[in-house]
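Structure first, commentary second.
Residue numbers (this note's numbering): 700 to 878.
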C-alpha cells in the first residue's frame, strides 16, 4: 500500500510540476476564485478589451463578459480548447462579446487590449515582455496568475490560499509604470 501511495504521489507531482519546467504551458485552468480576483484587481469594466494569452477553456474572457460586459479575445494553441471555449461562450450567452482565436500566444497582436491576462510559464512571460512594451498602450493592465514578468516591478501582488502544494499569486502591472 505504501508503495502505491508513493508512486501515486510521484505521478501527481510530476503532472503538477511539468508545467513549471518547460517553455510551453500545458492546460491547467485558473480556479474561478482566482479568475474573479484577477478581474477585480485589474478593475475591469465594460469599456475594456481583455486578451487572455493561452486562454485554455476561455473562462477568463467569458467571466469578464458575463460579470462586467467587457469584450474579450482568447488566444489558444489547442484547436480542441478553442472549440470548447466557443461552445461555452454560446452556452453562457456572451458570444457577441468574446472571440477565441487559434494561435500562438507568443506571436499574437495584442495592441487592441486594455487588459492582458496570463497563466503561462515564467519563460513565456519573459518572452512576451518586449511584445507588450512594443504593442500595448500606456495604462494597459497586465495580470498574471503565479508568474512574474522579469524586469517589471508589479503595481500590486496578492496571494490567495491554494491547494496543498501551492498558494496562488496574482501580479498586476500597469504599462507606463512598469519600466
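Beta carbons are placed, not taken as given, at the ideal position from N, Cα and C, and that holds for glycine.
Quick caveat: nothing in here was measured; it's all calculated off a predicted structure.
Once DSSP output is grouped into helix, strand and coil, what is the label at residue i?
| i | result |
| --- | --- |
| residue 778 | helix |
| residue 868 | strand |
| residue 848 | coil |
| residue 842 | strand |
| residue 830 | helix |
| residue 735 | helix |
| residue 785 | helix |
| residue 819 | coil |
| residue 729 | coil |
| residue 793 | coil |
| residue 835 | coil |
| residue 754 | coil |
| residue 743 | coil |
| residue 809 | coil |
From the DSSP output, read off the bridge partner residues of residue i.
| i | result |
| --- | --- |
| residue 749 | 771 and 814 |
| residue 799 | 773 |
| residue 855 | 871 |
| residue 862 | 865 |
Answer yes or no: do residue i and residue j have a C-beta to C-beta separation smaller than 9 Å?
| i | j | result |
| --- | --- | --- |
| residue 871 | residue 838 | no |
| residue 732 | residue 756 | no |
| residue 849 | residue 825 | yes |
| residue 814 | residue 841 | yes |
| residue 761 | residue 777 | no |
| residue 774 | residue 741 | no |
| residue 661 | residue 805 | Because the chain here runs from 700 to 878, residue 661 falls outside it and cannot be looked at. |
| residue 736 | residue 869 | yes |
Buried or exposed: where does residue i fall if 16 or more other Cβ atoms within 10 Å of its Cβ makes it buried?
| i | result |
| --- | --- |
| residue 862 | exposed |
| residue 810 | exposed |
| residue 729 | buried |
| residue 754 | buried |
| residue 843 | buried |
| residue 865 | exposed |
Exercise for review: Evaluate the contact criterion for the region 818–838 versus the region 787–798: three or more CB pairs, one atom per stretch, below 8 Å.
Suggested key: Verdict: no, contact absent.
Review point. Touching or not, the region 851–870 and the region 742–753, by the rule of three or more beta carbon pairs under 8 Å?
Key: Taking a contact to require three or more Cβ pairs closer than 8 Å, the region 851–870 and the region 742–753 do not qualify as touching.
Point to revise | Cβ contact (3+ pairs, closer than 8 Å) linking the region 796–810 and the region 763–771 | key: The region 796–810 vs the region 763–771: in contact.
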